[in-house]
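A short write-up of the structure that comes next.
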Amino acid sequence: MLKFIVIGVALFFLYKMFKGDARKKETHSDKERDRLIASGEMIKDPICGTYVDKDADIRVKDDQGVHCFCSFECRDKYLKQLESGE
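For the sequence shown, the positions run 869 to 954 when this note's numbering is used.
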């Protein structure tokens, strides 16, 4: 019986240790995102509305300017819209 209690306590501490680490990463990424937004270095993806870094690698240049995208899927949707004239 004592063996099950010890194993249960050990599993609980392992769970808390890994869960706490994931929460720290989320907090760090949230702070980084907030910092980038506050510094004005983010641009809104015209398809999905996600804010991406203005130096993003996925870009399209057209007569309206340069558009940054969060993914290749959003870029492809935008290109299809340009081709269809929407």
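Think of the CB as a built atom: it goes at the ideal place given N, C-alpha and C, for glycine as much as any other residue.
Given the structure is predicted, the values throughout are model-derived calculations rather than measurements.
- Of all C-beta pairs linking the segment 906 to 923 to the segment 933 to 940, three or more are shorter than 8 angstroms, placing the two stretches in contact.
- Judged by their CB atoms, Val-920 and Tyr-946 are not nearer to each other than the 8 angstroms cut-off.
- Just measuring C-alpha positions, the residue of Gly-933, Glu-909, Asp-930, Gln-932 sitting nearest Asp-923 is Glu-909.
- DSSP places Gly-933 in the strand class (E or B) of the three-state scheme.
- As a beta-bridge residue in DSSP terms, Arg-927 pairs with Cys-936.
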